[in-house]
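What follows is a short report on a single structure.
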Amino acid sequence: MDTRFLGLAAEDWQAIAFSAGVSAAAVTVSLPFGVVLGWLLARRDFVGKALLETLLNLPLVLPPVVMGYLLLVLLGRRGLLGGPLHDAFEIDIAFTWAAAALAGGVMGFPLLVRAVRVAFQGVDPRFAQAARSLGAGPLDAFLTVSLPLARHGVIAGVVLAFARGLGEFGATLLFAGSRPGRRTLAVQLYLLHEQPGAESEQRLWRLVTAAVVLSCAALAASEYLERRGARRDTA
Amino acid sequence: MIRLEFACSLRYPSGFTLDAAFTLQTSITVLSGRSGSGKTTILSILAGLRRPDRGRIRLDSTVLFDSDARMDLPPEARRIGYVFQDYLLFPHLSVRRNLLYGWRRRPADAQPPSLERVVEVLELGELLDRLPHTLSGGQRQRVALGRVLLCGPRLLLLDEPLASVDEALRERVLGYIEQVLHEWDIPTLYVTHNAAEAERLARQRVCLEAGRVTSIEAANDVGDKA
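In order, the protein sequence lines correspond to chains A and B. In terms of this note's numbering, the numbers along the first sequence are unbroken and rise by one, the last being 449. In terms of this note's numbering, the numbers along the second sequence are unbroken and rise by one, the last being 1275.
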């Protein structure tokens, strides 16, 4: 039944591609919010900052299944927001492609914000002041000076959040389900593990290897970009 | 000749209080005083980078800050060229793009010198495609100076421009500064605590101590300077 490439079955490749797709979509959508929040946390003091930080970091410490359940309560067909969305526009989020992206995005968001925040904290705020004194408005100074100087950290955060989304399991299983063709890499691994037989075990090991390689590559890219940024911009 | 009126106070959380007032109407005014006397704070306030608690700043007919009228012109609207003590060249941009950063954002009525002339006077031709971290202290100083000149500033703020330059290069960089001030005749507030620099450049001298102006003196040999 399988057309194998690099020893992985088509179904396994589909799971990798699906994971990569939803994770990329999640990071793309969350990036602008992550950059703004990271900058705010790095540069501004405001009422409720500690509370915002706690809420942002919640997905890091809560069991992913809990996050999945909360998403379901919020955005399920009978959820607090999902109910009105379904009734008014017939839009369903739970158990769709978007649900997998949202679950991955929510779990990776704290990592993105954290990396962006650290990146902005590493940029001397006086560069933006210099830009302002040279005639740039606040947004102009941010886009042409602060953000480019923080870019390596931002990219590192993107890679980390992408890798986190790629491996997301608990929240995804609860909120997005495990229908064929919409299985993430982690869900596919779990299902293979549950299937008895030597072939399943072989596929499981190959998929595990692929997951390790992908995660290592993402981490290495993230480390490289962070170090490169630190080296070049403080020189 | 431009007229600058400054009367501001600012209290830091540390307890240090700046409470300074002066009026300038000469081409080069040296602001001198010990470290921590408030010199850089005055420049930051003038550039709009630090907001005083109260006071008023007027540059000719333009009110830059007036706490009573709740007016605070943003830095980008002040047209004040600020050369920071550590230059703050943008590390991700080449020397050329650093130089053109303010020039591209100049107001319609500004008439900055041309890039070619600034490059010629400050001898930056060889450096245009290099990144700031590859430059020496003296080269960075010249780029920072060129960068603010190209904005077409109405007032120039130089914060200890020779502080980070090697002893051997100081005379050369000072020569560039003198040439720039002579060629473009931009009113300048020059911060230094070096007596020789102050003596050589100043037409007027404002002395600060613990955040207060202790004296405002006209230089004795004004006719020989700049």
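Glycine included, every Cβ here is placed at the ideal spot set by N, Cα and C.
Over what stretch of residues does the alpha helix (DSSP H) that includes residue i continue unbroken?
{"i": "B:LEU1176", "result": "Careful: B:LEU1176 lies outside any alpha helix (DSSP H) and carries neither H nor E."}
{"i": "A:PHE334", "result": "311-335"}
{"i": "B:VAL1240", "result": "No alpha helix (DSSP H) holds B:VAL1240; the beta strand (DSSP E) holding it covers 1237-1240."}
{"i": "A:ALA370", "result": "365-380"}
{"i": "B:ARG1249", "result": "1244-1250"}
{"i": "B:VAL1170", "result": "1164-1170"}
{"i": "B:PRO1181", "result": "Here B:PRO1181 belongs to no alpha helix (DSSP H), and DSSP marks it neither H nor E."}
{"i": "A:GLN409", "result": "Premise fails: A:GLN409 is in no alpha helix (DSSP H) and is neither H nor E."}
{"i": "B:LEU1095", "result": "1088-1096"}
{"i": "B:GLY1195", "result": "1186-1198"}
{"i": "A:GLY351", "result": "From DSSP, A:GLY351 is part of no alpha helix (DSSP H); its letter is neither H nor E."}
{"i": "A:ALA385", "result": "384-390"}
Within 8 Å of any Cβ in chain B, is that where the Cβ of residue i sits?
{"i": "A:ALA449", "result": "Reliability of the predicted coordinates at A:ALA449 is poor, the pLDDT of 47 falling under 50, and no value is obtained from them."}
{"i": "A:SER347", "result": "yes"}
{"i": "A:ARG340", "result": "yes"}
{"i": "A:PRO362", "result": "yes"}
{"i": "A:VAL359", "result": "yes"}
{"i": "A:GLY336", "result": "no"}
{"i": "A:GLN409", "result": "no"}
{"i": "A:GLN343", "result": "yes"}
{"i": "A:GLY351", "result": "yes"}
Just reading off the beta strand (DSSP E) that residue i is part of, what are its end residues?
{"i": "A:SER347", "result": "From DSSP, A:SER347 is part of no beta strand (DSSP E) but of the alpha helix (DSSP H) over 339-347."}
{"i": "B:THR1263", "result": "1261-1267"}
{"i": "B:TYR1225", "result": "Here B:TYR1225 belongs to no beta strand (DSSP E); instead the alpha helix (DSSP H) covers 1216-1233."}
{"i": "B:VAL1144", "result": "Looking at the DSSP string, B:VAL1144 is not in any beta strand (DSSP E); the run it does join, the alpha helix (DSSP H), is 1144-1152."}
Is residue i a contact residue of the ligand HEM, with contact defined as CB to any heavy atom under 7 Å?
{"i": "A:PHE383", "result": "Within the structure as shown, the ligand HEM is missing, as the structure has no ligands at all."}
Could you name the residues that DSSP lists as bridge partners for residue i?
{"i": "B:ALA1070", "result": "B:ALA1056"}
{"i": "B:GLY1082", "result": "B:LEU1257"}
{"i": "B:ASP1121", "result": "B:PHE1114"}
{"i": "B:ILE1106", "result": "B:PHE1055 and B:PHE1114"}
{"i": "B:GLY1297", "result": "This structure gives no information on residue 1297 of chain B, because the portion of chain B shown stretches from 1050 to 1275."}
{"i": "B:ILE1077", "result": "B:THR1237"}
Could you confirm whether any beta carbon from chain A is found closer than 8 Å to the beta carbon of residue i?
{"i": "B:CYS1057", "result": "no"}
{"i": "B:TYR1131", "result": "yes"}
{"i": "B:SER1143", "result": "no"}
{"i": "B:PRO1236", "result": "no"}
{"i": "B:PRO1124", "result": "yes"}
{"i": "B:ALA1212", "result": "no"}
{"i": "B:ALA1096", "result": "yes"}
{"i": "B:PRO1140", "result": "yes"}
{"i": "B:LEU1184", "result": "no"}
{"i": "B:TYR1150", "result": "yes"}
{"i": "B:LEU1137", "result": "yes"}
{"i": "B:CYS1256", "result": "no"}
{"i": "B:ARG1154", "result": "yes"}
{"i": "B:ARG1196", "result": "yes"}
{"i": "B:ASP1270", "result": "Legend: pLDDT at B:ASP1270 = 46, less than 50; position of this residue unreliable, value from coordinates given subsequently. By this cut-off, B:ASP1270 is not an interface position."}
{"i": "B:ALA1275", "result": "With a pLDDT of 38 at B:ALA1275, under the threshold of 50, the modelled position of this residue cannot be trusted; read the value that follows with caution. Chain A contact via Cβ: absent."}
Would you mind giving the Cβ-Cβ distance between residue i and residue j, rounded to the nearest angstrom? I have them listed as a contact below 8 Å.
{"i": "A:VAL359", "j": "B:PHE1139", "result": "6 Å"}
{"i": "B:LEU1223", "j": "B:LEU1080", "result": "Wrong, their Cβ atoms sit about 17 Å apart, outside the cutoff."}
{"i": "A:VAL327", "j": "A:GLY367", "result": "With 8 Å as the limit, A:VAL327 and A:GLY367 do not qualify as a contact, their Cβ atoms being about 11 Å apart."}
{"i": "A:LEU374", "j": "A:LEU325", "result": "5 Å"}
{"i": "B:LEU1238", "j": "B:LEU1206", "result": "5 Å"}
{"i": "A:GLY371", "j": "A:GLY248", "result": "7 Å"}
{"i": "B:ASP1068", "j": "B:GLY1260", "result": "6 Å"}
{"i": "B:GLU1266", "j": "B:ARG1252", "result": "10 Å between Cβ atoms; not a contact."}
{"i": "B:ARG1191", "j": "B:LEU1171", "result": "4 Å"}
{"i": "B:GLU1054", "j": "B:ILE1106", "result": "7 Å"}
{"i": "B:VAL1240", "j": "B:LYS1088", "result": "5 Å"}
{"i": "A:VAL337", "j": "A:LEU363", "result": "4 Å"}
* Asked: Can you list the beta strand (DSSP E) stretches of 3 or more residues lying completely in the stretch 242-318 of chain A, in chain order?
  -> Within the stretch 242-318 of chain A, not a single complete beta strand (DSSP E) segment reaches 3 residues in length.
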